[in-house]
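Per this note's numbering: the sequence shown ends with 357, consecutive numbering throughout. For each residue, glycine too, the CB sits at the ideal point set by N, CA and C. Keep in mind the model is a prediction, meaning the values are calculated, not measured. For reference, the structure is listed below as structure tokens.
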Amino acid sequence: EFIGYLPLITGAYYKLKSKKELLLAARLTLILAIICCFLGLMQYQYLSSGKCNGTRGKTGDELFRASLEAKCLVGGALLFSPDQGTIRLPGTFVAPWQWGWFLISNAAFTFAVAFSDPSPLWRIAGLFGMAIVFVNAAISGQRIALALVPTVTIILLVLTGQIANLKKFLPIGIGLGVVLGGAVVSNPAVVQERIDSFVSRWNASPPTAFISQQFEESSHAQDGIFGAGLGRATNSARAFGKTRLIETYYPKLIYEIGPIGTIAMLLLVTVITITGFKAYRSVKDKSLRSYGASYWVFVLIISYNTYYYPLDVDPVAVYYWYFAGVVFRLPAIDKQEQARIKAEEEMENSK
Numbered sequence: 007e008f009i010g011y012l013p014l015i016t017g018a019y020y021k022l023k024s025k026k027e028l029l030l031a032a033r034l035t036l037i038l039a040i041i042c043c044f045l046g047l048m049q050y051q052y053l054s055s056g057k058c059n060g061t062r063g064k065t066g067d068e069l070f071r072a073s074l075e076a077k078c079l080v081g082g083a084l085l086f087s088p089d090q091g092t093i094r095l096p097g098t099f100v101a102p103w104q105w106g107w108f109l110i111s112n113a114a115f116t117f118a119v120a121f122s123d124p125s126p127l128w129r130i131a132g133l134f135g136m137a138i139v140f141v142n143a144a145i146s147g148q149r150i151a152l153a154l155v156p157t158v159t160i161i162l163l164v165l166t167g168q169i170a171n172l173k174k175f176l177p178i179g180i181g182l183g184v185v186l187g188g189a190v191v192s193n194p195a196v197v198q199e200r201i202d203s204f205v206s207r208w209n210a211s212p213p214t215a216f217i218s219q220q221f222e223e224s225s226h227a228q229d230g231i232f233g234a235g236l237g238r239a240t241n242s243a244r245a246f247g248k249t250r251l252i253e254t255y256y257p258k259l260i261y262e263i264g265p266i267g268t269i270a271m272l273l274l275v276t277v278i279t280i281t282g283f284k285a286y287r288s289v290k291d292k293s294l295r296s297y298g299a300s301y302w303v304f305v306l307i308i309s310y311n312t313y314y315y316p317l318d319v320d321p322v323a324v325y326y327w328y329f330a331g332v333v334f335r336l337p338a339i340d341k342q343e344q345a346r347i348k349a350e351e352e353m354e355n356s357k
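What follows is the structure in structure tokens.
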């Protein structure tokens, strides 16, 4: 299940044959993110204006549970009970947590276009994409998106070295600050509510303590060294038998496939991460190298993230394996690009 999309590495590697195709893939990913985020904003507007009721008017536990009956405009089950301070929007996805991880992933992909694309117009589009992802993270009600979207952006700035590139960083940083500042000023109550919700959740159950507890429970619950079997901690497999709810990734692996399988998975993602690092660092073309750095940071973060299990579910499971293949392909594309530049220079010199 957790390596079901692994063949996408091969697909991306052999599908992308040139820099032009790589830029097309990056730009299409940006366009998709902007369209989905725009629909997410419309969904929130419909709910806020009363065009959709959400879970308002429900009673008891239904006030605090995402429901498919509350569906609004796009996506699936949602929770919208603003009087109770609970909002969980699914955006264009089936469930709210999928939307949250879509936003976290696209914090990296919109960043890549904003800082790496050779076209100024596409860099502006990338900046707009970053802004609309940030706004959706604030209004979606997904605490993990509110926390990780800015965190991923900061990690990208540091690890890609863009924070030191003042010529690019300052205009984008100022533009993003203006857009986000305007969003905060126009919706102060919403933003404050989301921050308060995040802080209260953190205080009630700190992620570090929660993850440690899950590791301990998984270690004690599984029998032998081969685990309880695939799907035994996967809620979607409950139709095939009794399942156990484990909400963090590597504890889930320990329970399902045991310590040996978990170590094997860690070795796999480590090989992917190291190989990807060597691949993008060998690239000479500045634009390709910058794109590679952004995608590699995304792969790095997801490889070792253990909070929730994005590698088990769409869309992150698709993005992870696909963009790992993209990073692996960069040296071949760069070699082709360098040969093209050299041929053009030789033709110019021969005139």
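Practice item. Using the Cα positions of L182 and A137, report the straight-line distance between them to the nearest angstrom. Key: 6 Å
Check your understanding: Taking contact to mean at least 3 C-beta pairs separated by less than 8 Å, is the stretch 254-272 in contact with the stretch 217-227?
Key -> yes
Exercise for review: Below 8 Å on the Cβ atoms is my guess for L69 versus C78; work out the distance and round it to an integer in Å.
Suggested key: The distance from the Cβ of L69 to that of C78 is about 16 Å, inconsistent with a contact at the 8 Å cut-off.
Check your understanding: Is V164 helix, strand or coil when you go by DSSP?
Key -> helix
Check your understanding: Where F140 and A239 are concerned, what is the direct C-alpha to C-alpha distance, given to the nearest angstrom?
Key -> 32 Å
Check your understanding: Secondary structure at V324, three-state DSSP: helix, strand or coil?
Key -> In the three-state scheme derived from DSSP, where H, G and I count as helix and E and B as strand, V324 is classed as helix.
Exercise for review: Using only alpha-carbon positions, find the residue among I201, G264, L22 that is nearest to G233.
Suggested key: G264
Point to revise | Which of helix, strand or coil DSSP assigns to T61 | key: Note: T61 maps to coil in three-state DSSP.
Practice item. List the whole-angstrom C-beta distance separating L317 from Y326, where the pair is believed to meet the contact cut-off of C-beta under 8 Å. Key: 6 Å
Exercise for review: Please classify R149: is it buried, with 16 or more other beta-carbons within 10 angstroms of its beta-carbon, or exposed?
Suggested key: buried
Review point. If we ignore side chains and look at the alpha-carbon of each, how far apart do L30 and V205 end up?
Key: 40 Å
Review point. If V303 sits next to L154, beta carbons under 8 Å apart, how far is it from one beta carbon to the other, in whole angstroms?
Key: That belief does not hold up - the Cβ atoms of V303 and L154 are roughly 13 Å apart, past 8 Å.
Practice item. Give the DSSP-derived three-state secondary structure of R94 in the structure shown. Key: strand
Practice item. Would you mind sorting R94 into buried or exposed? The rule is 16 or more other CB atoms within 10 Å of its CB. Key: buried
**Study point:** Cβ-based burial, R287 [other Cβ within 10 Å; buried from 16]
**Key:** With fewer than 16 other CB atoms across the displayed protein chains lying within 10 angstroms of its CB, R287 is exposed.
Point to revise | CB of S111 within 8 Å of CB of V319, strictly | key: Not closer than 8 Å, so no.
Review point. Could you check where the beta strand (DSSP E) with S288 kicks off and where it finishes?
Key: Run containing S288: none; DSSP gives neither H nor E here.
**Study point:** Whether G132 touches T157 by CB criterion (8 Å)
**Key:** no
Exercise for review: Tell me where the beta strand (DSSP E) around L85 begins and ends.
Suggested key: 85-87
Practice item. State yes or no: is the C-beta of Y297 within less than 8 Å of the C-beta of I217? Key: no
Practice item. Rounded to whole angstroms, what's the CA-CA distance from N355 to I308? Just pull it up for me. Key: 47 Å
Check your understanding: How is the alpha helix (DSSP H) around G106 delimited, first residue to last?
Key -> Following the DSSP letters along the chain, one finds G106 inside the alpha helix (DSSP H) bounded by residues 102-122.
**Study point:** Segment limits, alpha helix (DSSP H) that includes P126
**Key:** Taken as a continuous stretch (DSSP letters only), the alpha helix (DSSP H) holding P126 covers 126-145.
Check your understanding: At which residues does the alpha helix (DSSP H) containing R33 begin and terminate?
Key -> 25-55
Exercise for review: Go ahead and pull the three-state DSSP assignment for Y313.
Suggested key: DSSP places Y313 in strand when its eight states are reduced to three.
**Study point:** Reference T61; option with closest CA among Y50, S73, S55, Y52
**Key:** S73
Practice item. Give the secondary structure of T276 by DSSP, where H, G and I count as helix, E and B as strand, and everything else as coil. Key: helix
**Study point:** Close-in-space but distant-in-sequence residues of the same chain around Y328 (CB under 8 Å, 5 per side omitted)
**Key:** Y11, L14, I15, G17, A18
Exercise for review: Find the nearest neighbour of F108 within the set I269, A143, P124, N59, judged by alpha-carbon distance.
Suggested key: That would be A143, whose Cα lies nearest to the Cα of F108.
Exercise for review: Would you kindly work out how many angstroms separate the C-alpha atoms of D89 and P96, rounded to a whole number?
Suggested key: 19 Å
Exercise for review: Give the single residue among A114, T92, S203 whose Cα lies nearest to the Cα of A32.
Suggested key: The residue with the shortest Cα to Cα distance from A32 is A114.
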